[in-house]
Each structure stands twice: as structure tokens, then as C-alpha cells.
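**Q** Before anything else, here's the structure in question.
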Amino acid sequence: MNISILGIPMDLGAGRRGVDMGPSALRNAHLSRALRDLGHRVTDLGDVRVALPESIDKHEEGGLVFLDPILDACRAAAEQVAALPEGTFPLTLGGDHSVSMGTVTGNALRGNPAGERTGLIWVDAHTDYNTPRSSPSGNIHGMPVAHLTGLGDPRLAGLGGGWHMRPEDIVMIGIRSVDPHERELLREAGIKAYTMKDVDQLGITRIHEETMERLGHLKRLHVSFDADALDPGVCPGVGTPVAGGLTYREGHLLMELLSESGRVTSMDIVEVNPILDTRNQTAEVMVGMAASLLGQRIL
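Residues are numbered in this note's numbering as their position in the sequence shown, beginning at 1, plus a constant of 376.
Printed below as a string of C-alpha cells:
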């Protein structure tokens, strides 16, 4: 398989600095080598250019912090991903989770200007379904899924032209932190979200089976994996840690089952924060997750 790696070193959407170093941490954890060892052809495209917070005034516009530079970075990411040839597997590295507004859009439109339906598997402690009106912080990394479905600010929601995700094409796994108004929006949209209670009760295997029943008919499936979906004991270096997350083996099992399905066509790894990490542990774990999705097996 041809894999193209693209970094989006942005922490403008978060309330805490450091995740802009996530792409470098993942590369330093030998991401390319791990994928080449699996027999893939790997091309590193470098990084999307992102403005530094120190170079711009922190301001809110319509309830959105750093709107313009985030919009610029997401637009650039979408354009670069959309320009990749068919048959390429884009592996995009954040940065905070707001980068997914660009990466998911780019993958949906790649070789498909009309915007064929794309499934989104959102592995995260958070649903990120706030809008500028519902967000308690104004931080855009808590809003990408809402904007992908067409809610919120029209500039962010319009990155795909007329294309938007259908709520029924989204499955969330590992959820355990949801704002009150965000919960209402999710219920109205009808997005399928598996909380950690569901993980405990059903197990990853059944959740994967139900996810494939819901999304398996779609030609494109994008996995957006926030490192904070895993328990902080497994991944301490994340932007917004929440106790009680997926275990190391639950994360790998989910990636292995998704790999065996043969349906996943692109992936994000986001919210790795080396400042809060221990000896690059989180980046190394996430490289392992990507390797499991892309074919690594125990036997």
C-alpha cells in the first residue's frame, strides 16, 4: 500500500499548548519505519504551514478562538489530502482535533468532487460536537464533528463546499466526557456514540461488529483517533486527559478488527502532547495503533 504522511502541527484549537509538536513526536517514534516494516511504501509530505499562536492576537470571533488561522490550516490540509492520488492511504498527524475538519473533508473529496458518502469512526474521549453557541470555552478542537455535519460557523462548515457528513455515517467510540448542550445536539442529530459504559458492557468486538453493520456499506471509512481515547495511564501525553479510557489492548483490538474489515481508507492521529508525556510514551503507543490498523499482527 502507498501511505502518505502529512503533519498539521497546530494547537490553536486547544486551550493548552503542546500538541503542535505531536507530528514531530510521532515521527521520532519511528512511524515511517514501523509502516515500512509492514511492507508499505511510505512518503512523508512534511507539514502544513500553521501560524504560531505567539505571532497572532488571541481573539474570539463569534465565539471562536483563532478562527482565521485554523480555517487557513484546515483548508490547506483539505487541499493537500484531496490532491493525493486514488489508491493512496493518507495518514494525517495532528495537532489538535480541529485539524479533522480539513482532513476528513479532504479524504471525502479525494478523487470524488461530488462528495461521495464517507463514514467517520471517531475514537475519542470527547464527542467534539459543540457549536460556537454551545461551547463553554470557544476552543475549536471541541467543535470539529459539528462543523463536519454542517452546524456552527458557516466558514468552518463550508470547507467542503456543499459537502457535509451525514450524522448516520458517524460512529463514536470511547466517549466519556460530554458537555450538557453538546449532549442535546448529539441526541438531535442521532449520531451513534459508544461510551465507556458501552465498552464495558458490550466489549470491543461487538462494538466493531455493530459499527460495520452501520458503516460497512460505505466505500470510504476514515478513522480519527484522538490519543485521549486511551486511558491516561496508557497515553499520559495528551491535550485533554480523561480518566477511565480504553486500555492498551482494547485500542489495539479495535484497530486490528478495523484492519481485518478492509474498509478503512484514511486515518488521523491527533492530540499527542509531548510536553505532558513521559519519554515519548504516548507517541510510541499511537504509532503502534497505526501499525495495527495498517496490518501488524501478533502471528
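We put the CB at the ideal spot given by N, CA and C, even for glycine.
Rounded to whole angstroms, how far is the Cβ of Leu460 from the Cβ of Ile381, which I believe are closer than 8 angstroms?
**A** As a first step, residue 460 must be located in the sequence shown, where it is residue number 84. As a first step, residue 381 must be located in the sequence shown, where it is residue number 5. The pair is not a contact, with the Cβ atoms about 11 angstroms apart (cut-off 8 angstroms).
**Q** What do you reckon, are the CB atoms on Met681 and Ile651 nearer than 7 angstroms?
**A** What is shown of the chain runs 377 to 675, which leaves residue 681 out entirely.
**Q** Along the chain, where does the beta strand (DSSP E) containing Asn656 start, and where does it finish?
**A** Taking the sequence shown and counting its residues from 1, one reaches residue 656 at position 280. Note, Asn656: premise wrong, no beta strand (DSSP E); not H, not E.
**Q** Is Pro520 helix, strand or coil when you go by DSSP?
**A** Mapped onto the sequence shown, residue 520 falls at position 144. Helix, per DSSP.
**Q** Going by beta carbon distance, what residues of the same chain come within less than 8 angstroms of Leu562, once the five residues before and after it are set aside?
**A** In the sequence shown, the residue the question calls residue 562 occupies position 186. Cβ neighbours of Leu562 beyond the five flanking positions: Thr503, Tyr505, Val554, Ala569.
**Q** Identify which residue in Val599, Lys573, Ile551, Glu586 has its Cα closest to the Cα of Ser635.
**A** Working through the sequence shown from its first residue, we reach residue 635 at position 259. Per the Cα distances, Val599.
**Q** Excluding the 5 residues preceding and the 5 following Asp423 in the sequence, name in chain order all residues of the same chain whose CB lies nearer than 8 angstroms to its CB.
**A** The residue labelled residue 423 in the question sits at position 47 within the sequence shown. Within the same chain, Asp423 has close Cβ partners Leu382, Gly383, Ile384, Pro385, Pro399.
**Q** Once you ignore the five residues that flank Gln577 on each side, which residues in its own chain have a CB closer than 7 angstroms to its CB?
**A** Numbered from its first residue, the sequence shown carries residue 577 at position 201. None.
**Q** Should Ala501 and Asp604 be called a contact, given that it needs their Cβ atoms to be closer than 7 angstroms?
**A** Counting from 1 along the sequence shown, the entry for residue 501 is found at position 125. Counting from 1 along the sequence shown, the entry for residue 604 is found at position 228. Their beta carbons are under 7 angstroms apart, which means Ala501 touches Asp604 by this criterion.
**Q** Less than 8 angstroms between C-beta atoms, sequence neighbours within five positions excluded: which residues of the same chain meet that for Arg543?
**A** As a position in the sequence shown, residue 543 is number 167, starting the count at 1. Here residue 543 turns out to be Pro, not Arg, going by the sequence shown. Once the five neighbours on either side are set aside, the close Cβ partners of Pro543 are Thr525, Ala565, Gly566, Ile567.
**Q** For Arg596, which residues from the same chain have a beta carbon less than 6 angstroms from its beta carbon, with the 5 sequence-adjacent residues on both sides left out?
**A** Against the sequence shown, residue 596 aligns to sequence position 220. Cβ neighbours of Arg596 beyond the five flanking positions: Thr494, Thr641.
**Q** Pick from Ala533, Glu430, Arg486: whose alpha carbon is nearest that of Gln456?
**A** In the sequence shown, the residue the question calls residue 456 occupies position 80. Measuring from the Cα of Gln456, the nearest candidate turns out to be Arg486.
**Q** Which term fits Met377, buried or exposed, when burial requires 16 or more other beta carbons within 10 angstroms of its beta carbon?
**A** Within the sequence shown, residue 377 is the residue found at index 1, counting from 1. Exposed, because fewer than 16 other Cβ atoms sit within 10 Å of the Cβ of Met377.
**Q** What are the boundary residues of the beta strand (DSSP E) that includes Ser511?
**A** As a working mapping, residue 511 is identified with position 135 in the sequence shown. Element bounds for Ser511: n/a, residue is neither H nor E.
**Q** Give a single yes or no on whether Glu430 has its beta carbon closer than 6 angstroms to a heavy atom of the ligand FAD.
**A** Because no ligand of any kind appears in the structure shown, any question about the ligand FAD cannot be addressed here.
**Q** Which residues mark the beginning and the end of the alpha helix (DSSP H) in which Ser476 is found?
**A** The residue you call residue 476 lines up with position 100 of the sequence shown. Here the alpha helix (DSSP H) through Ser476 covers 476-485.
**Q** Rounded to whole angstroms, how far is the Cβ of Leu606 from the Cβ of Gly621, which I believe are closer than 8 angstroms?
**A** Counted from its first residue, the sequence shown places residue 606 at position 230. Counted from its first residue, the sequence shown places residue 621 at position 245. Confirmed, about 5 angstroms.
**Q** Quick check on the burial criterion: 16 or more other C-beta atoms within 10 angstroms. Buried or exposed for Thr481?
**A** In the sequence shown, the residue the question calls residue 481 occupies position 105. It is buried - the Cβ of Thr481 has at least 16 other Cβ atoms within 10 Å.
**Q** Ordered along the chain, which non-local residues of its own chain (more than five positions away) have a Cβ less than 6 angstroms from that of Leu630?
**A** Taking the first residue of the sequence shown as position 1, residue 630 is located at position 254. Answer for Leu630: Ile580, listed in chain order.
**Q** Cα separation between Val614 and Pro608?
**A** Translated into positions along the sequence shown, residue 614 becomes position 238. Translated into positions along the sequence shown, residue 608 becomes position 232. Cα to Cα, Val614 sits roughly 8 angstroms from Pro608.
**Q** If you draw a straight line from the alpha carbon of Arg582 to that of Leu594, how long is it in whole angstroms?
**A** Within the sequence shown, the letter at position 206 stands for residue 582. Within the sequence shown, the letter at position 218 stands for residue 594. Spanning the two alpha carbons is a distance of roughly 19 angstroms.
**Q** Taking DSSP's pairing of strands, which residues face Thr571 in a bridge?
**A** In the sequence shown, the residue the question calls residue 571 occupies position 195. DSSP lists Ile551 as partners of Thr571.
**Q** Against chain B, does Val661 count as a neighbour if the rule is that its beta carbon must be under 7 angstroms from one of theirs?
**A** Judged by its chain identifiers, the structure shown contains no chain B, having just a single protein chain.
**Q** Classify Leu669: buried if its beta carbon has 16 or more other beta carbons within 10 angstroms, exposed otherwise.
**A** Here residue 669 refers to the residue found at position 293 of the sequence shown. Counting Cβ neighbours within 10 Å, Leu669 comes out buried, since at least 16 surround it.
**Q** So what does DSSP say about Ile583, is it helix, strand or coil?
**A** For the purposes of this step, residue 583 is identified with residue 207 of the sequence shown, where counting begins at 1. Of the three classes helix, strand and coil, the one that applies to Ile583 here is helix, per DSSP.
**Q** Does the Cβ-Cβ distance between His517 and His473 come in under 7 angstroms?
**A** Along the sequence shown, read from residue 1 onward, the residue named residue 517 stands at position 141. Along the sequence shown, read from residue 1 onward, the residue named residue 473 stands at position 97. Yes; because the gap between Cβ atoms is below 7 angstroms, this pair is in contact.
**Q** Can you say whether Ala666 is buried or exposed, counting buried as having 16 or more other CB atoms within 10 angstroms of its CB?
**A** As a working mapping, residue 666 is identified with position 290 in the sequence shown. Buried, by the Cβ-count rule.
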